[in-house]
Ligand code: PRT
Ligand code: ZN
């Protein structure tokens with residue numbers, strides 16, 4: 001039985017469970033326990049604090065884990081990064097009070113920097129030859145400069161709102177992070193086979209992120225032009241309609257170009273345009 005560790009609660013919990021659910025691995029939420037067997041796949045789910053996931057996987061107490069890459073990079077345990085999961089995106093950045101003048105990395109020489117990621121920061125400073133005093137604190141790092149505990153911070157940023165509301169400005173982005181699937185090095189072939197099956201399901205779910213299914217009717221005379229407008233995995237599906245000289249088209253469109261695509265299609269005579277949610281793309 002393959003054991004996969006995920007965050008008990010917090011930012012990655014819901015999306016980790018959601019990804020597993022979409023991949024056909026479900027648990028009975030109403031009776032949440034520390035360790036739960038999935039109903040429909042040979043996997044059990046172990047709920048942990050994210051800080052403990054890399055070590056648990058490196059020891060083999062869980063075979064797989066879903067955790068932010070930032071935690072893997074900080075803790076330095078021996079785990080294999082098997083797959084990027086496309087959610088939980090953030091960066092770890094250096095930020096200073098907005099009243100300060102910043103002219104490059106040498107600014108940090110001799111400065112006190114508060115962070116929960118001392119190892120990532122120390123490695124970066126060693127590489128760049130910067131000599132700073134790193135203060136490790138857990139939680140509320142962003143208040144350290146105003147409280148007089150530090151001159152700068154090195155912390156997770158996603159929208160940047162927390163920095164702004166604390167009078168700080170991001171000056172260097174050091175590490176890009178997202179949720180990753182990690183594995184114990186040297187998993188048995190039997191466990192690896194289940195892990196590969198899971199990874200291929202995750203990939204199908206991920207391919208569907210940000211995609212929509214588009215259906216529309218169009219006059220036959222505009223078909224060639226519509227094919228040029230529509231992106232498609234192979235080429236769009238075209239089905240004749242009972243109404244003479246009209247056909248129906250179906251394809252998958254990236255959400256980022258959905259509206260511009262619809263507008264171009266309408267301009268060449270498309271009608272009855274339907275946009276449907278897309279769950280998975282299995283290739
Ligand atoms: O209880 P447990 O130890 O399991 O959880 P935790 O409190 O340590 O972590 P949690 O749930 O806050 O975050 C889990 C993971 O989510 C992190 O390790 C990152 O990989 C990822 N992640 C993505 C983030 C953010 N975005 C994020 N914005 N983790 C934290 N933040 C915090 C950040 O620390 C800062 O305080 O949000 C604030 C900044 O957000 P913006 O949007 O204002 O820039
Ligand atoms: Zn944590």
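In the working numbering, the protein residues as written are 1 to 283. In this text, a Cβ means the ideal position worked out from N, Cα and C, and glycines have one as well. Only a predicted model underlies this, so the values are computations on that prediction, with no experimental measurement involved.
How about residue i: is its Cβ closer than 8 Å to a heavy atom in ligand 2?
{"i": "residue 71", "result": "yes"}
{"i": "residue 286", "result": "This structure cannot speak to residue 286, because the chain is shown only from 1 to 283."}
Tell me, which residues are paired with residue i by DSSP?
{"i": "residue 65", "result": "5 and 182"}
{"i": "residue 56", "result": "The partner list for residue 56 (beta bridge, DSSP) is empty, contrary to what the question assumes."}
{"i": "residue 42", "result": "Bridge partners of residue 42: none, in fact."}
{"i": "residue 34", "result": "For residue 34, which the question treats as bridged, DSSP gives no partner whatsoever."}
{"i": "residue 11", "result": "According to DSSP, residue 11 bridges with nothing at all."}
{"i": "residue 214", "result": "251 and 275"}
Please tell me whether, using a cut-off of 8 Å, the distance from the CB of residue i to the nearest non-hydrogen atom of ligand 1 is below it.
{"i": "residue 11", "result": "yes"}
{"i": "residue 67", "result": "yes"}
{"i": "residue 157", "result": "yes"}
{"i": "residue 16", "result": "no"}
{"i": "residue 56", "result": "no"}
{"i": "residue 163", "result": "yes"}
{"i": "residue 142", "result": "yes"}
{"i": "residue 167", "result": "no"}
{"i": "residue 86", "result": "no"}
{"i": "residue 177", "result": "yes"}
{"i": "residue 115", "result": "no"}
{"i": "residue 148", "result": "no"}
{"i": "residue 136", "result": "no"}
Grab me the residues of residue i's own chain with a C-beta within less than 6 Å of its C-beta, minus the 5 sequence neighbours each way, in chain order.
{"i": "residue 238", "result": "247 and 249"}
{"i": "residue 191", "result": "2 and 63"}
{"i": "residue 276", "result": "213"}
{"i": "residue 22", "result": "205"}
{"i": "residue 166", "result": "142"}
{"i": "residue 58", "result": "77, 78 and 79"}
What residues in its chain sit with their C-beta under 7 Å from that of residue i, if we drop five residues either side in the sequence?
{"i": "residue 41", "result": "24 and 25"}
{"i": "residue 11", "result": "88"}
{"i": "residue 86", "result": "178, 206 and 209"}
{"i": "residue 204", "result": "280, 281 and 282"}
{"i": "residue 225", "result": "268"}
{"i": "residue 197", "result": "none"}
Would the C-beta of residue i count as close to ligand 4, meaning under 8 Å from any of its heavy atoms?
{"i": "residue 110", "result": "Absence of ligand 4 from the depicted structure is noted, with ligand 1 and ligand 2 being the only ligands included."}
Using a Cβ-Cβ cut-off of 8 Å (strictly less than) and excluding sequence neighbours within five positions of residue i, which residues of its own chain qualify?
{"i": "residue 82", "result": "64, 180, 181, 182, 183, 195 and 199"}
{"i": "residue 109", "result": "130, 131 and 132"}
Tell me, please, whether the region 220-235 touches the region 85-94 by the rule of three or more beta-carbon pairs shorter than 8 Å. no
Please determine if the region 203-218 and the region 245-255 are in contact, where contact requires at least 3 C-beta pairs separated by less than 8 Å. yes
Quick check: the region 67-75 against the region 111-129, are there 3 or more CB pairs under 8 Å? yes
In chain order, which continuous runs of the beta strand (DSSP E) of length 3 or greater are located wholly inside the region 225-263? 237-240 and 246-254
Do three or more CB pairs link the region 35-52 to the region 5-17 at distances below 8 Å? yes
Complete alpha helix (DSSP H) runs within the region 98-183 (minimum length 4 residues, chain order): 118-128 and 161-165
Is the region 165-185 touching the region 144-157 in the sense that three or more CB pairs, one from each, lie closer than 8 Å? yes
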